[in-house]
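S.K.:
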Amino acid sequence: MNPNWNHPMGALRVDSYDSAVNATVNITNTTITDSPYSAFEFVSGGGQGHPVRNVTVDGATVRNTGTVVVQAEAQGAATFRHVTATGVGATGVYNCPYPASSGTFTLTDGGGNSGWSSTWSDCSSWPQPGAGNPDPDPGRNLAKGRPATATGSQDVYTPGKAVDGDANSYWESTDNAFPQSWTVDLGASYAVRRLVLKLPPSTAWGPRTQTITVLGSTDGTAYSTVVGAGDYRFDPATGNTATVSLPASTGLRYLRLSVSANTGWPAGQFSEVEAYLTS
Ligand SMILES: [Ca+2]
Numbered sequence: 002m003n004p005n006w007n008h009p010m011g012a013l014r015v016d017s018y019d020s021a022v023n024a025t026v027n028i029t030n031t032t033i034t035d036s037p038y039s040a041f042e043f044v045s046g047g048g049q050g051h052p053v054r055n056v057t058v059d060g061a062t063v064r065n066t067g068t069v070v071v072q073a074e075a076q077g078a079a080t081f082r083h084v085t086a087t088g089v090g091a092t093g094v095y096n097c098p099y100p101a102s103s104g105t106f107t108l109t110d111g112g113g114n115s116g117w118s119s120t121w122s123d124c125s126s127w128p129q130p131g132a133g134n135p136d137p138d139p140g141r142n143l144a145k146g147r148p149a150t151a152t153g154s155q156d157v158y159t160p161g162k163a164v165d166g167d168a169n170s171y172w173e174s175t176d177n178a179f180p181q182s183w184t185v186d187l188g189a190s191y192a193v194r195r196l197v198l199k200l201p202p203s204t205a206w207g208p209r210t211q212t213i214t215v216l217g218s219t220d221g222t223a224y225s226t227v228v229g230a231g232d233y234r235f236d237p238a239t240g241n242t243a244t245v246s247l248p249a250s251t252g253l254r255y256l257r258l259s260v261s262a263n264t265g266w267p268a269g270q271f272s273e274v275e276a277y278l279t280s
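In my numbering, the protein residues as written are 2 to 280.
#1: Classify P128 as buried or exposed, calling it buried when 16 or more other Cβ atoms lie within 10 Å of its own Cβ.
#2: By the three-class DSSP mapping on this structure, what secondary structure does A230 have?
#3: For V53, which residues in the same chain have their Cβ closer than 6 Å to its Cβ, ignoring the five residues on either side in sequence?
#4: Should V69 go down as buried or exposed, given a rule of 16 or more other Cβ atoms within 10 Å for buried?
#5: How far does the beta strand (DSSP E) with V53 in it reach, from first residue to last?
#6: Per DSSP, what are the beta-bridge partners of Y95 in this structure?
#7: Do L198 and V260 have their C-beta atoms within less than 8 Å of each other?
#8: Would you mind giving the Cβ-Cβ distance between A101 and V157, rounded to the nearest angstrom? I have them listed as a contact below 8 Å.
#9: With 16 as the cutoff for other CB atoms within 10 Å, does A91 come out buried or exposed?
#10: Report the option in D19, H8, P37 and F106 whose CA atom is closest to the CA atom of V56.
#11: I'd like to confirm something about K145: is its beta-carbon nearer than 7 Å to some heavy atom of ligand 1, or not?
#12: Does the structure place the region 241-255 close enough to the region 213-221 that three or more beta carbon pairs sit under 8 Å?
#13: On the DSSP letters alone, give me the boundaries of the beta strand (DSSP E) that L258 sits inside.
#14: Which term fits H8, buried or exposed, when burial requires 16 or more other beta carbons within 10 angstroms of its beta carbon?
#15: Are the beta-carbon atoms belonging to D123 and P148 less than 8 Å from one another?
#16: If I measure Cβ to Cβ from R64 and keep anything under 6 Å in the same chain, skipping five residues before and after, which residues do I get?
#17: Is it right to say T66 is buried, meaning 16 or more other beta carbons lie within 10 angstroms of its own, or is it exposed?
#18: Could you give the distance in angstroms between the alpha-carbon of T62 and the alpha-carbon of A276?
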């Protein structure tokens, strides 16, 4: 545990603190025993979201971690071969890159791995030593903190601003270029039943109507329409939010909102996109 930040640490850390890790990194034939928190940590410790790539862990025996075997907090990629774990305190993998807009961390199964196939299910909370992987709150916002992308964005109004939990920060698409779309990876397929779309609550934002189509995908490649194009009114006098109900048959991992018109600005705009299992 890093006492400065109250931040859990791994026994072995690959840290792209100041710049990307692109060189080949091979971690071979290691043993990690009794780590209070995780075994392997991948992080961009300066908070800038630099990637950690080209890492191979080949041959590792992990015994008795307090929390997870792999703690992935940076975008990037690593391959794991012959990594066996016993006595895992929480679950196999924590995979929640920071910042949420920085990208995904891809784990490749090179074969011979055992004992750590499960993934921590709630990026809004840290695994605690010995706590297992409790059932997450069914009322949680599935999109919060998840990796988000878009067809375009304006200046600092990047896609991750729509999943950072702050209704005052927002994504804005490339201006004057409809249609534009915004996509979030929920990390697993869910029966999403309700979306809450937000714009900043300040009265400086005049009322507007955005025309939005909701699409979904289970693989990130093939998308189908979940809710056809509709006009959604955003008005600061009523909270500047809009709610979209999704059909009961919905199952999606990748949620995409395509915006084809906006009466208040020539771009798609969301300050938060929230996805819920509850209708
Ligand atoms: Ca926001």
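Just so you know, even glycine gets a beta-carbon here, dropped at the ideal spot from N, CA and C. As the structure is a computational prediction, the values presented were derived from the model and not from experiment.
M.R.: Quick answer:
#1: buried
#2: strand
#3: V15, S17, V22, F43, A75 and G77
#4: buried
#5: Per DSSP, V53 belongs to the beta strand (DSSP E) from V53 to T66.
#6: DSSP output for Y95 lists Q72 as bridge partner(s).
#7: no
#8: In fact, because the Cβ distance is near 15 Å, the residues do not count as touching under 8 Å.
#9: buried
#10: F106
#11: no
#12: yes
#13: L253 to N263
#14: exposed
#15: no
#16: T34, T87 and G88
#17: buried
#18: 38 Å
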